[in-house]
Amino acid sequence: RVWTPLDVPIPTTHPLNETCRAHPASKAGEKSRFPRLLIPNATLKPEMCVRSGKDLLSSVIMKRGRVTDCRQLIVLWKNHHATASRTGRTIFLELGANIGACTMALLIATDASVIAFEPNPINLYHLTRSLSWAAREDPSLVDRVLVFPIAAGRLAREDLIYTEPGNGGNSVIGGLADAGNKVDSTPLSITVRPLADIFPLKAARRLAIAKMDVQGFECNALD
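With the working numbering applied, the sequence shown covers 255 to 477.
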């Protein structure tokens, strides 16, 4: 089932019993309890529900408040904005949203309609909470983002996803070999569905930019 910021964040409990990481006690004077994502030329600096356990991207957001790759996507979108607007191409498709840094950046810094896919229930826990918080600060965001809690793949099926300890962005579907044996041996169950079943041709014609971060699953996702 597709998720929007009007829904209850999913899953309701964290698979590893983690929480959203707050500022350390040394930063008790911070105006916000959780780290904010610093987005160029944006008034809204949304709080992010980053992982409380060891995680590469969460640590970057905690320390810097910004993610370089996401800023590059904003520039790319704005460079193509005029052409995209004339042709009705207004969708930013994200396959592998992780905890939502780029999802949030594009949503707030541009006029894109964001469609994000993220199958990992750990990442979903953080992604959907961050989006819910942002929508409370700016209700107009609700109508511009959809999250599919599944992976795009060749065949409809249930599968397993494996994750590298300390790097939630390095998650692979189906087996350990594809990740160079860096992933955790404890997998999580996910759902895989063909992209064409969810993203019909009519919607695909509105696609402006697609970001794929699916760790070797690209051909499978696009088939």
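Note that CB positions come from ideal geometry on N, CA and C, so glycine has one too.
Remember, predicted model here, so these are calculated numbers, not experimental data.
What residue range is occupied by the uninterrupted beta strand (DSSP E) comprising D323? Sequence index remark: in the sequence shown, residue 323 carries index 69 (1-based). Not the beta strand (DSSP E): D323 falls in the alpha helix (DSSP H), residues T322 to N333.
Validate contact between the stretch 362 to 373 and the stretch 340 to 349 using beta carbons, cut 8 Å, 3 pairs: Segments in contact, yes.
Alpha carbon to alpha carbon, how far is R447 from A410? Give it in angstroms, no decimals. Position 156 of the sequence shown holds residue 410. Position 193 of the sequence shown holds residue 447. One alpha carbon belongs to A410, the other to R447, and they sit about 4 Å apart.
DSSP state of T417 mapped onto helix, strand, coil: As a first step, residue 417 is located in the sequence shown; it is residue number 163 there, counting from the start. DSSP places T417 in strand when its eight states are reduced to three.
R305, buried or exposed, once every other Cβ within 10 Å from all chains shown has been counted against 16: Sequence index remark: in the sequence shown, residue 305 carries index 51 (1-based). By the neighbour-count rule (16 or more Cβ atoms within 10 Å), R305 is buried.
If you drop the 5 nearest sequence neighbours on each side, which residues of the same chain put their C-beta closer than 7 Å to that of E391? As a working mapping, residue 391 is identified with position 137 in the sequence shown. Excluding positions up to five away in sequence, the list reads L298 and P300.
Between which two residues does the alpha helix (DSSP H) carrying R447 extend? One-based indexing of the sequence shown puts residue 447 at position 193. DSSP places R447 outside any alpha helix (DSSP H); the residue lies instead in the beta strand (DSSP E), whose first and last residues are L442 to R447.
Using three-state DSSP, classify D432 as helix, strand or coil. To locate residue 432, count along the sequence shown from 1; it is residue 178. Annotation note: pLDDT 48 at D432 (below 50); position unreliable, coordinate value reported separately. Here D432 sits in helix by DSSP.
Only counting the same chain, and skipping five residues up and downstream in sequence, which positions put a Cβ closer than 6 Å to that of P263? If you number the sequence shown from 1, residue 263 lands on position 9. If you ignore the 5 residues before and after P263, its C-beta comes within less than 6 Å of the C-beta of T382, R383 and S386, all in its own chain and listed in chain order.
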